[in-house]
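S.K.:
There are 2 protein chains.
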Amino acid sequence: MLCVHSFLRRASCNSLPLAVQRSVLRAFSVHLQNQAAEEAANPPSPQLRANAKTENLILKTPKGTRDFSPKQMAIREKIFSTIISCFKRHGAVTIDTPVFELKDLLLDGHWEESKLVYDLKDQGGEELSLRYDLTVPFARYLAMNRITNFKRYHIAKVYRRDQPTMARGRYREFCQCDLDIAGNYDPMIPDAECLKVMHEILSALQCGEFLIKINDRRILNGIFRVCGVPDVKFETTCSTLDKLGKVSWAEVKREMVQEKGLLPEAAESIGQYVQLSGGWQLIHQLCQDPMLSKSQLAMEGLEDMKLLFEYLTLFGIIDQVSLDLSLARGLDYYSGLIYEAVLLHQPNSHCKEPLPVDSVAGGGRYDGLVASFGQKGQKVPCVGVSIGVERLFSVIEQQLELSKEKIRTKETQVLVAAAQKDFLAGRMKLIAELWDAGIKVVMLRGGMVGNGVSLLNQLQYCEEAGIPLVAIIGQQEMDNGVVKLRDVATRKEIDVPKENLIEEIKKGLEK
Amino acid sequence: MLCVHSFLRRASCNSLPLAVQRSVLRAFSVHLQNQAAEEAANPPSPQLRANAKTENLILKTPKGTRDFSPKQMAIREKIFSTIISCFKRHGAVTIDTPVFELKDLLLDGHWEESKLVYDLKDQGGEELSLRYDLTVPFARYLAMNRITNFKRYHIAKVYRRDQPTMARGRYREFCQCDLDIAGNYDPMIPDAECLKVMHEILSALQCGEFLIKINDRRILNGIFRVCGVPDVKFETTCSTLDKLGKVSWAEVKREMVQEKGLLPEAAESIGQYVQLSGGWQLIHQLCQDPMLSKSQLAMEGLEDMKLLFEYLTLFGIIDQVSLDLSLARGLDYYSGLIYEAVLLHQPNSHCKEPLPVDSVAGGGRYDGLVASFGQKGQKVPCVGVSIGVERLFSVIEQQLELSKEKIRTKETQVLVAAAQKDFLAGRMKLIAELWDAGIKVVMLRGGMVGNGVSLLNQLQYCEEAGIPLVAIIGQQEMDNGVVKLRDVATRKEIDVPKENLIEEIKKGLEK
Chain X
16 MLCVHSFLRR ASCNSLPLAV QRSVLRAFSV HLQNQAAEEA ANPPSPQLRA
66 NAKTENLILK TPKGTRDFSP KQMAIREKIF STIISCFKRH GAVTIDTPVF
116 ELKDLLLDGH WEESKLVYDL KDQGGEELSL RYDLTVPFAR YLAMNRITNF
166 KRYHIAKVYR RDQPTMARGR YREFCQCDLD IAGNYDPMIP DAECLKVMHE
216 ILSALQCGEF LIKINDRRIL NGIFRVCGVP DVKFETTCST LDKLGKVSWA
266 EVKREMVQEK GLLPEAAESI GQYVQLSGGW QLIHQLCQDP MLSKSQLAME
316 GLEDMKLLFE YLTLFGIIDQ VSLDLSLARG LDYYSGLIYE AVLLHQPNSH
366 CKEPLPVDSV AGGGRYDGLV ASFGQKGQKV PCVGVSIGVE RLFSVIEQQL
416 ELSKEKIRTK ETQVLVAAAQ KDFLAGRMKL IAELWDAGIK VVMLRGGMVG
466 NGVSLLNQLQ YCEEAGIPLV AIIGQQEMDN GVVKLRDVAT RKEIDVPKEN
516 LIEEIKKGLE K
Chain A
16 MLCVHSFLRR ASCNSLPLAV QRSVLRAFSV HLQNQAAEEA ANPPSPQLRA
66 NAKTENLILK TPKGTRDFSP KQMAIREKIF STIISCFKRH GAVTIDTPVF
116 ELKDLLLDGH WEESKLVYDL KDQGGEELSL RYDLTVPFAR YLAMNRITNF
166 KRYHIAKVYR RDQPTMARGR YREFCQCDLD IAGNYDPMIP DAECLKVMHE
216 ILSALQCGEF LIKINDRRIL NGIFRVCGVP DVKFETTCST LDKLGKVSWA
266 EVKREMVQEK GLLPEAAESI GQYVQLSGGW QLIHQLCQDP MLSKSQLAME
316 GLEDMKLLFE YLTLFGIIDQ VSLDLSLARG LDYYSGLIYE AVLLHQPNSH
366 CKEPLPVDSV AGGGRYDGLV ASFGQKGQKV PCVGVSIGVE RLFSVIEQQL
416 ELSKEKIRTK ETQVLVAAAQ KDFLAGRMKL IAELWDAGIK VVMLRGGMVG
466 NGVSLLNQLQ YCEEAGIPLV AIIGQQEMDN GVVKLRDVAT RKEIDVPKEN
516 LIEEIKKGLE K
């Protein structure tokens with residue numbers, strides 16, 4: 016029988032590079048390729064079911080949803096960990112809420128969007144809907160538990176029956192990463208912190224330059240009022256204005272007049288305001304605007320905007336911030352400051368069809384939402400930021416694809432190998448000891464190691480998978496009470512007494 | 016103006032313990048209590064909505080679901096991290112799939128349980144259902160992507176319209192933590208690894224002693240056959256048998272005869288087998304059983320059981336394993352080995368009403384499920400283990416409650432404080448620098464520091480919240496270009512030049 020020691024000297028040590036020997040051994044490596052197929056689990060197109068119970072059923076995920084492969088999950092986990100560490104740095108704690116809520120509670124915050132809400136079938140019992148965002152469940156949680164001061168983050172999936180545009184990272188099931196600050200603070204202090212959080216995360220994720228657009232619902236409502244829009248039409252005008260950027264001003268104006276029933280001259284005046292953007296100078300200009308200064312609401316918003324600009328200057332992030340009067344934000348519940356971040360350079364501008372710029376983070380102040388759940392006397396002002404992780408994931412996934420950087424999905428530290436078929440029992444005993452010591456260890460399929468050549472294949476697998484150490488047992492090692500420990504990079508081998516193995520492995524991993 | 020330095024000497028340094036001064040200062044600490052309320056966010060009972068749009072709506076989560084408070088999330092994250100590190104140690108990678116699937120695909124694995132599946136309302140488009148487990152989506156993923164070899168873990172919520180019994184940790188929305196191994200391996204090798212994983216996790220979570228019951232669907236079917244049950248009634252007989260333990264054998268027998276239509280003598284014979292449990296000796300006894308040895312299927316199962324017992328002995332976990340012929344497992348898709356772990360001692364046996372023992376982990380082999388999705392020629396044998404994290408969470412939560420151990424929900428490292436109201440700008444500038452250096456830092460509500468006493472309150476807050484360092488600025492510090500760094504535990508203070516602050520903080524945190 017070929018002993019491990021002499022085999023290693025003959026076949027795999029340093030005289031020839033493994034790559035040269037590889038072509039000869041290709042025929043033996045089928046099981047290794049199977050193993051490697053795990054890594055490359057990139058979904059091909061959906062397949063027709065052949066023997067399916069329902070013949071014409073397609074094997075796919077529901078419209079607007081997707082699976083994530085191990086490689087994608089590795090990227091996502093890196094993004095989540097960047098986001099979570101920022102949230103924790105700012106002293107936030109996390110909660111979790113159910114994926115569905117009582118329909119009536121959920122719609123409290125989402126009257127405008129109710130047609131996009133997924134309802135559950137009536138199977139007896141309560142009427143339920145899938146959550147549309149994480150803000151309404153947060154407000155429900157605060158109201159239900161009578162909490163008036165809370166800084167929490169929540170990372171979870173939300174559901175919108177929207178028209179999905181997957182290429183732009185817009186899905187019907189998507190993840191939100193929210194930080195919200197509830198409580199009575201001096202004006203604009205938590206608001207400034209939300210913007211700082213947004214800035215820290217977008218900087219850390221290195222998706223390129225970005226701009227944070229800010230506005231205030233009070234300024235917008237002031238503009239609507241001085242332009243002659245009746246109060247009852249503020250929300251609906253706002254939701255039309257939200258489309259600006261995705262469609263032209265001409266189209267927005269048409270909708271305001273023809274669908275929302277605004278007077279043409281009102282829409283015209285609004286247009287003159289909402290196309291303005293800038294910094295300090297714009298704030299001063301608006302404060303002195305003869306029409307706008309008639310609106311106390313707008314003036315309040317502008318005063319707070321000045322304060323916010325001061326704080327953002329102290330935080331060192333003012334250069335990436337712009338007051339943009341076209342920013343409206345879609346959701347009904349916002350009551351004050353609103354904001355949205357966009358990437359300035361399209362990360363895929365070298366591609367044939369550059370994708371339209373979407374916002375990668377957004378949020379705002381919603382001082383009335385918690386009170387709408389009806390807790391007596393409980394007014395809980397809130398402000399929050401939501402990171403658009405799906406869009407960022409698309410961008411980062413593209414960046415990585417272009418850079419050809421290899422993503423490791425596993426962190427295996429040791430492969431337990433044997434040269435002879437007989438050593439399955441020995442390997443199983445050894446691998447259990449290493450697992451119990453907390454070491455990340457695998458062995459290739461049991462019983463398939465039929466001859467000496469396979470050991471070489473096992474070593475080759477380690478090189479390809481980036482596993483740094485191999486623990487090898489064979490007859491000679493068993494007889495001597497040792498395990499052969501091989502450093503995959505240097506190909507150095509030492510015989511380690513069994514009782515010292517874990518210690519030696521830990522030393523080897525520290526290098 | 017009172018400078019920080021002299022104030023600290025007068026009011027807070029080591030002459031008097033802070034506790035003595037506390038009672039005097041109680042009146043000033045309202046905002047600190049608000050802050051502390053975050054930590055204690057333990058939901059009281061649901062509240063009636065007062066001003067709600069629908070007057071009689073209750074503010075609650077849907078039936079069978081719950082929120083998790085920050086404290087509960089901290090416990091859960093510890094459990095998840097123990098489980099994930101075990102899965103990774105065994106070389107598994109993770110995937111994610113949508114929370115809902117096409118109804119027809121989902122039901123492939125769950126014909127028996129279809130009444131417990133949550134359906135989505137028909138809002139136009141596809142018929143969708145919430146996932147019932149993570150196994151069927153995994154099999155769908157394998158079939159759709161033509162993957163034949165895969166070791167993956169998946170931690171996510173699943174949904175069952177069951178009768179919830181919350182006290183026992185049984186919910187309609189609950190989390191599953193699954194590891195599955197797909198691929199052609201030598202018999203019982205991945206099966207043994209799943210049991211090893213289960214054993215490692217239950218040991219690491221320290222919930223007390225446990226027993227892993229194992230059985231094999233082939234042995235059960237063999238028993239059914241030799242007892243005279245027609246083949247078509249195997250599955251339904253199995254699902255009745257699954258109730259044994261929750262209800263008495265007499266009740267199970269009644270259901271078999273009266274509801275499932277078995278002959279009374281068949282049920283009687285089954286009863287003689289399924290009440291057996293044991294180790295090696297039972298296996299040998301069954302192999303020689305004159306009736307059972309007529310079933311080739313049962314003999315195959317018993318041969319594999321012998322092999323498994325050998326492997327579990329090598330893994331060093333055989334002492335916690337028992338062959339239990341009453342174990343049936345509820346799900347249709349199991350085809351071979353099945354297993355379930357139970358806690359041996361009721362962790363709450365000191366309580367007035369001890370809870371019935373539920374399984375805390377389970378799983379088995381399902382060699383036919385992937386092929387049922389109809390990929391031509393693709394038979395993908397699978398075996399998996401699912402950790403019952405909700406039940407374990409209940410147990411651990413109870414343990415912690417009894418031990419009065421304090422759970423930290425935040426890891427804040429530094430509080431930025433000032434003695435004077437005027438230093439808001441200084442604090443904001445400083446806190447941003449520390450955030451940018453990656454330090455976990457908070458400040459108490461801006462602008463509420465009205466006088467010297469509040470600094471003491473800020474220090475008190477650090478002691479209570481376990482924040483180790485305080486960075487204090489005041490006029491004198493500003494003038495000297497320093498920040499005062501206070502070690503909360505030792506109450507030692509040093510003046511640190513601003514440019515060295517981050518370095519000094521990092522040193523202080525290493526201690």
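These protein sequence lines map, in sequence, to chains X and A. So the first sequence is residues 16 to 526, counted in the numbering used here. So the second sequence is residues 16 to 526, counted in the numbering used here. Think of the CB as a built atom: it goes at the ideal place given N, C-alpha and C, for glycine as much as any other residue.
1) In terms of DSSP beta bridges, what is GLU116(A) paired with?
2) When you compare the CB of ASP82(A) with every CB in chain B, is at least one pair closer than 8 Å?
3) Which value, in whole angstroms, describes the spacing of the CA atoms of LEU297(X) and ASN236(X)?
4) Please report the distance separating the alpha-carbon of VAL241(X) from that of ALA386(X).
5) Assuming LEU338(X) contacts MET314(X) (C-beta within less than 8 Å), just tell me the rounded distance between them.
6) Could you list which residues in chain A have their beta carbon closer than 8 Å to that of GLN435(X), in chain order?
7) If distances are taken between C-alpha atoms only, which option among TYR354(X), THR252(X), VAL336(X) and ASP195(X) comes closest to HIS105(X)?
8) Below 8 Å between beta carbons: does that hold for HIS169(A) and ILE94(A)?
9) Between GLN491(A), LEU121(A), ARG506(A) and LEU484(A), which lies nearest to GLU519(A) when the distance is taken from Cα to Cα?
10) Can you name the residues that DSSP bridges to ALA433(A)?
11) Using the three-state DSSP reduction, which class does PHE165(A) fall into: helix, strand or coil?
12) Does the structure place the segment 130 to 139 of chain X close enough to the segment 217 to 237 of chain X that three or more beta carbon pairs sit under 8 Å?
13) Please go through the same chain and pick out, in chain order, the residues whose beta-carbon is closer than 8 Å to the beta-carbon of ALA89(A), but skip the five residues on each side of it.
14) Would you say LEU329(A) reaches chain X, if we count a Cβ-Cβ gap shorter than 8 Å as a contact?
15) Give a yes or no on whether 8 Å exceeds the smallest Cβ distance from GLU426(X) to chain A.
16) Could you tell me whether the segment 373 to 381 of chain A touches the segment 213 to 222 of chain A, where touching means 3 or more Cβ pairs closer than 8 Å?
17) Identify the continuous alpha helix (DSSP H) that holds ARG155(A) and give its terminal residues.
18) With distances taken Cα to Cα, identify the nearest neighbour of MET159(A) among GLU215(X), ASP382(X) and ASP82(X).
19) For THR163(A) versus VAL395(A), is the C-beta spacing smaller than 8 Å?
20) For a quick check, are the C-beta atoms of ASN199(X) and LEU340(X) less than 8 Å apart?
21) What residues in the segment 132 to 145 of chain X bring their beta carbon closer than 7 Å to a beta carbon of chain A?
22) Given a cut-off of 8 Å on the beta-carbon distance, is the pair THR427(A) and LYS455(A) in contact?
23) The alpha helix (DSSP H) that contains TYR326(A), what's its start and end?
24) Let me confirm a value: SER529(X) is counted as buried when at least 16 other C-beta atoms fall within 10 Å, else exposed. Which label applies?
25) Cβ atoms of ALA207(X) and PHE165(X): under 8 Å apart, would you say?
26) I'd like to know whether the C-beta atoms of GLY345(A) and ASP382(A) end up nearer to each other than 8 Å.
27) Let's test the definition: count the other Cβ atoms within 10 Å of the Cβ of ASN515(X) and tell me whether it reaches 16, buried, or not, exposed.
28) When we look at the beta-carbon of VAL429(X) and count the other beta-carbons within 10 Å, is it buried (16 or more) or exposed?
29) Measuring only the C-alpha atoms, how far is LEU301(X) from ALA343(X)?
30) Taking a contact to mean a Cβ-Cβ separation below 8 Å, would you say VAL114(A) touches VAL497(X) in this structure?
31) Under 8 Å, Cβ to Cβ, is there at least one residue of chain X near THR97(A)?
32) Give the residues of chain X in contact with TYR147(A), contact being defined as C-beta atoms less than 9 Å apart.
33) Could you name the residues that DSSP lists as bridge partners for ARG380(A)?
34) Measuring only between beta-carbons, confirm whether PHE189(X) sits less than 8 Å from chain A.
35) How many Å lie between LYS248(A) and LYS275(A) at the Cα?
36) Counting contacts by CB-CB distance shorter than 8 Å, is GLY453(X) in contact with chain A?
M.R.: Looking at the coordinates:
1) SER144(A)
2) Given the protein chain composition of this structure (X and A), no chain B is represented.
3) 17 Å
4) 29 Å
5) That pair is no contact at about 15 Å.
6) Chain A residues near GLN435(X): none, gap ~15 Å exceeds 8 Å.
7) ASP195(X)
8) no
9) LEU484(A)
10) ILE488(A)
11) strand
12) no
13) ILE422, ARG423 and THR424
14) yes
15) yes
16) yes
17) 150 to 160
18) ASP82(X)
19) yes
20) no
21) TYR133, ASP134, LEU135, LYS136, GLN138, GLY140, GLU141 and LEU143
22) yes
23) 311 to 329
24) The question about residue 529(X) has no answer here: the residues shown for chain X are numbered 16 through 526.
25) no
26) no
27) exposed
28) buried
29) 17 Å
30) no
31) no
32) Within chain X, no residue comes near TYR147(A); the closest Cβ sits about 14 Å away, beyond 9 Å.
33) VAL398(A)
34) no
35) 8 Å
36) yes
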